[in-house]
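Student:
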Amino acid sequence: MPTEAAELVFDEATKVYPGRDGAAVDHLSLTVPAGDICVLVGPSGGGKTTALKLVNRLIPLTSGYIRIDGRQIGDYDVTELRRSIGYVIQQVGLFPHMTVGGNIGTVPRLLGWQKQRIRERVGELLELVGLDPEKDRKRYPSELSGGQRQRVGLARALAANPALMLMDEPFGAIDPIVRARLQDEFLRLQQELRKTVVFVTHDVDEAIKVGDRIAILRQGGTLAQYDTPQRILEHPVDDFVADFVGRDRALKALTLKTVGELELAPATEDGLPRLPADTSLRDALAIIVAERRDALLVVGPDGSPLGVVTREDLLR
Amino acid sequence: MLASLFVDALQFIPDHAALLLQKTAETAQLAFTALGIAILIAMPIGLWLGHRHRGLLLALGASSVGRALPSIALIGIFIAWLGVGFWNNTVALVILGIPPILTNAYFAVEGVDRDVVEAARGMGLSERQILTGVELPLGLPLLLAGVRIAAVFVIATATIAGIAGGGGLGEIIDNQTFYNDSGVLAAALCVAAMALATAFVLSLVQRAASRRMAPRA
Amino acid sequence: MSGLRLADGPVIPDFGQGSACLRHNHWFCTSWVRANWGDTFQPALLQHIYLTLLAVGIGFGISFVLAIIAFRFRVFGPPLGAMSDFLYCIPSIALFVLLVPVTGLTVTTLVIPLVAYTLFVLYPNILAGLRGVPPEVLESAGGMGLTLRQIFWRVELPLAVPAIMAGLRVATVATISIATIAAIVLYYGLGGPIFEAISHPDIFRTELVTAGGLAILLAFTADALLTLLQRALTPWSRQR
Chain A
0 MPTEAAELVF
10 DEATKVYPGR
20 DGAAVDHLSL
30 TVPAGDICVL
40 VGPSGGGKTT
50 ALKLVNRLIP
60 LTSGYIRIDG
70 RQIGDYDVTE
80 LRRSIGYVIQ
90 QVGLFPHMTV
100 GGNIGTVPRL
110 LGWQKQRIRE
120 RVGELLELVG
130 LDPEKDRKRY
140 PSELSGGQRQ
150 RVGLARALAA
160 NPALMLMDEP
170 FGAIDPIVRA
180 RLQDEFLRLQ
190 QELRKTVVFV
200 THDVDEAIKV
210 GDRIAILRQG
220 GTLAQYDTPQ
230 RILEHPVDDF
240 VADFVGRDRA
250 LKALTLKTVG
260 ELELAPATED
270 GLPRLPADTS
280 LRDALAIIVA
290 ERRDALLVVG
300 PDGSPLGVVT
310 REDLLR
Chain B
0 MLASLFVDAL
10 QFIPDHAALL
20 LQKTAETAQL
30 AFTALGIAIL
40 IAMPIGLWLG
50 HRHRGLLLAL
60 GASSVGRALP
70 SIALIGIFIA
80 WLGVGFWNNT
90 VALVILGIPP
100 ILTNAYFAVE
110 GVDRDVVEAA
120 RGMGLSERQI
130 LTGVELPLGL
140 PLLLAGVRIA
150 AVFVIATATI
160 AGIAGGGGLG
170 EIIDNQTFYN
180 DSGVLAAALC
190 VAAMALATAF
200 VLSLVQRAAS
210 RRMAPRA
Chain C
0 MSGLRLADGP
10 VIPDFGQGSA
20 CLRHNHWFCT
30 SWVRANWGDT
40 FQPALLQHIY
50 LTLLAVGIGF
60 GISFVLAIIA
70 FRFRVFGPPL
80 GAMSDFLYCI
90 PSIALFVLLV
100 PVTGLTVTTL
110 VIPLVAYTLF
120 VLYPNILAGL
130 RGVPPEVLES
140 AGGMGLTLRQ
150 IFWRVELPLA
160 VPAIMAGLRV
170 ATVATISIAT
180 IAAIVLYYGL
190 GGPIFEAISH
200 PDIFRTELVT
210 AGGLAILLAF
220 TADALLTLLQ
230 RALTPWSRQR
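Chains as they are written, first to last, in numbering that gives the first Met the number 0: chain A, 0 to 315; chain B, 0 to 216; chain C, 0 to 239.
#1: List, in order along the chain, the chain C residues whose C-beta lies closer than 9 Å to that of B:PRO99?
#2: Can A:ALA5 and A:THR195 be called in contact, C-beta distance under 8 Å?
#3: Give a yes or no on whether the C-beta atoms belonging to B:ALA37 and B:ILE97 are separated by under 8 Å.
#4: With 7 Å as the limit, tell me which residues of the region 152 to 166 of chain A have their beta carbon closer than that to any beta carbon of chain B; keep them in chain order.
#5: For B:PRO140 and B:GLY54, what's the separation of their Cα atoms in angstroms?
#6: Can you tell which of B:GLY145, B:ALA72, B:VAL200 and B:GLU170 has its C-alpha closest to the C-alpha of B:ALA107?
#7: Can you find a C-beta in chain B that's less than 8 Å from the C-beta of A:ARG82?
#8: Can you name the start and end residues of the alpha helix (DSSP H) that C:CYS20 belongs to?
#9: Would B:VAL183 and C:VAL106 be called neighbours here (beta carbons separated by less than 8 Å)?
#10: Less than 8 Å between CB atoms is the rule here; does B:GLY110 satisfy it with respect to chain C?
#11: Work out the CA separation of B:ARG120 and B:SER114 for me, nearest whole Å.
#12: For a contact meaning CB atoms closer than 8 Å, what does B:PHE5 contact in chain C?
#13: Under a Cβ-count criterion, where at least 16 other Cβ atoms within 10 Å of its own Cβ denotes burial, should C:VAL120 be classed as buried or exposed?
#14: Taking only the alpha-carbon atoms, compute the straight-line gap between C:ILE67 and B:THR102 and give it to the nearest angstrom.
#15: Compute the Euclidean distance between the alpha carbons of B:ILE129 and C:PHE27, then round it to the nearest angstrom.
#16: Threshold first: 4 residues or longer. Then list the alpha helix (DSSP H) segments lying entirely within the region 73 to 126 of chain A, N to C.
#17: Among residues of its own chain, excluding the 5 on either side of B:PHE8, which ones have a beta-carbon nearer than 7 Å to its beta-carbon?
#18: Output yes if chain C places a C-beta closer than 8 Å to the C-beta of B:ALA16; else output no.
#19: Measuring alpha carbon to alpha carbon, tell me which residue in A:GLU126, A:ASN160, A:ALA162 and A:LEU284 is nearest A:GLN147.
#20: Can you name, in chain order, every residue of its own chain whose Cβ lies under 7 Å from the Cβ of A:GLY299, other than the five neighbours on each side?
#21: Using a Cβ-Cβ cut-off of less than 7 Å, list which residues of the region 193 to 214 of chain B approach chain C; keep chain order.
#22: Quick check on B:ILE36: does DSSP put it in helix, strand or coil?
#23: Rounded to the nearest angstrom, how far is the Cβ of C:ALA54 from that of C:LEU86, given a contact under 8 Å?
#24: With 9 Å as the limit, tell me which residues of the region 291 to 308 of chain A have their beta carbon closer than that to any beta carbon of chain B; keep them in chain order.
#25: Could you check where the alpha helix (DSSP H) with A:LYS251 kicks off and where it finishes?
#26: Check whether the region 211 to 221 of chain A touches the region 40 to 54 of chain A, counting contact only when three or more Cβ pairs, one atom from each stretch, lie closer than 8 Å.
#27: Closest by CA to A:SER279, which one among A:GLY270, A:LEU261, A:ASP68 and A:MET166?
#28: Report the neighbours of B:ARG127 on chain A: residues whose CB is nearer than 8 Å to its CB, in chain order.
#29: Express the C-alpha separation of B:HIS15 and C:GLY58 in angstroms, rounding to a whole number.
#30: Determine, using beta carbons only, whether C:VAL184 and C:LEU158 come nearer to each other than 8 Å.
#31: Given that C:LEU97 touches chain B, what residues does it touch there, using C-beta distances under 8 Å?
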């Protein structure tokens, strides 16, 4: 059931709270191309959650415009707008009095889908997010772990196949190990579904891992830089951005590529430690340092040697 | 000695079944009419205020005042002022029944986890759907507890209205010389039974309602 | 056993021969009130205060002990909850009447239901107050080397005071109100004059208003005093 992913445009979007100094979101302008993940990141007070909630009108705009596929959000009926956007929050907010199946089916029920269609869709989504379509459907939120609740929250947001997803620190309340796994699964899902996603986080590493593009907001809600992770790490636009991404940004940049993407020297030496091709450059460097080696053998998914990577290759 | 008194009271019941039935019906009619009106007035207000998270002062004030006002004084004043009559008594009872219903309706809705409400709103449920589909089911126990408290209170006060000339079981309780101890005890048992029956019915309502309000896919 | 009926009340004015105020059954006849204050209203008020203090005192004592037990050994929560639901469903008037065969026409009959009703406000509140202390506070107290007993008396109990006081205020005000109903059984407390007044074929307004007004005043005064007490006991929460 593919739906066209939507293009989202912020056009001088501003939010000022009466009685408070300064804006929460200050003339934010950026375009999220259809199918992209845009991560809003910044220090607390930077207005990232506010900017997110402007899109589904949980917070009303003070001035400026926000357009989805060219149409202003103000032109839509607000409940129809929200039903066509997937919304995931940090605490998930699953309805405790409904089963997992009941939760996921909420928006389809609102849209009047047939019962059979809803049943099938719920099963489909449960499998998609890695849960058991028959057993987990009947469970209640109180019986689930934190990670499982997040998955259900994601499934619930995807239920009506929205063209746009808004996610507010969805993995914030999860422990790091589960979080990494959820991030990976989310990225895998996104490859399949290709939705337009606005993702809020305060964690720079998560932003770099997940985002196609990153928007860094400063205190006071102004946009500092909006660019691909690569370019932000390599060319931070000012000291604020440089500090925010961290002094180890060169190392962080190494996470963006895998050894398989490099040009490798032919495999000649034997007895070198093996490295899967999808290892990031950073992890490869870590292994070289740990093993005190100069080179590693890169192997494909079937174990066949693809080439050799040296320390110099990595540091270039 | 007490066993024999209770036996007498239990004997009174079948001996005077018609009388007790009539008096019970009188009290019940008064109490449940008033309760129904109180629910119709107080519940929507309490639910809506709780949903909007406004009017906390009203909810708290209502409950404080409701608690401090001695019910018999209130009903006595009403009867003294307006005279005896079904609708006069009903008004007094409605006033007594409103505070617990209002307060509990307010807190039942207001206390629902705000994250759940935010998720619901963000997903595109309308305000009314949030109230009926999320806040009400989750707040149901507290809401019905308020109705139960009001019911017990109204039944008790309706009985007292009988003493002031409102008919019903209160007439029996007030009239020991005529009905003897056994009669008075029997009437008190009827009052208790009426209240317990109401509470039981409410628990059934709660069970049925929560089952209906929780859909599965 | 003498009947379940009100004992002698105050001198019932013969409307025909009383003052003009009384003859017209006005809402408040000052002279009559003044005349009967000493032998009707003052004793009734004092009895009412005594009844309230007794019931709330006993109720608080029992609730406190039970709450501490439930707090330490997590067993007793549910049974008490179920019992309270049941008893709370019985209208006070019925409860008073039904106790007479058991405890006779004494003040005891009045006190027992009142104590029961306070238990079901105070016990949950005290327990909730004790349980509501943030775990990190308890942890740091333990870490600083306080014994369990010291933690209880110096940390848990003081922090539970707001919840306890809230329950106490509700229980006291409710008791003052319900105690007026107790007079269905025995002429005692402010309920006596009230029942007396409404039992007249033509409700005796002055008596009703005076006694009822005293009850309301008593309730508000008690609430105010307890609020002041709460503020005195919790100096750390003085904001605004």
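Where is the CB? At the ideal position from N, CA and C, for every residue including glycine.
Tutor: According to the data block:
#1: In chain order: nothing, as chain C lies at least about 11 Å away.
#2: yes
#3: yes
#4: none
#5: 21 Å
#6: B:GLY145
#7: yes
#8: 19 to 22
#9: no
#10: no
#11: Correcting the residue type first, residue 114 of chain B is Asp in the shown sequence and not Ser. The alpha-carbon atoms of B:ASP114 and B:ARG120 are separated by roughly 10 Å.
#12: PRO100
#13: buried
#14: 29 Å
#15: 51 Å
#16: 77 to 82, 99 to 103 and 105 to 109
#17: The sequence given here has Ala at residue 8 of chain B, not Phe. Around B:ALA8: SER181, LEU184, ALA185 and LEU188.
#18: no
#19: A:GLU126
#20: ALA276 and LEU305
#21: ALA194, LEU195 and ALA198
#22: helix
#23: So it is not a contact: roughly 15 Å between Cβ atoms.
#24: none
#25: 248 to 252
#26: yes
#27: A:LEU261
#28: Within chain A, no residue comes near B:ARG127; the closest Cβ sits about 10 Å away, beyond 8 Å.
#29: 38 Å
#30: no
#31: LEU184, ALA187, LEU188 and ALA191
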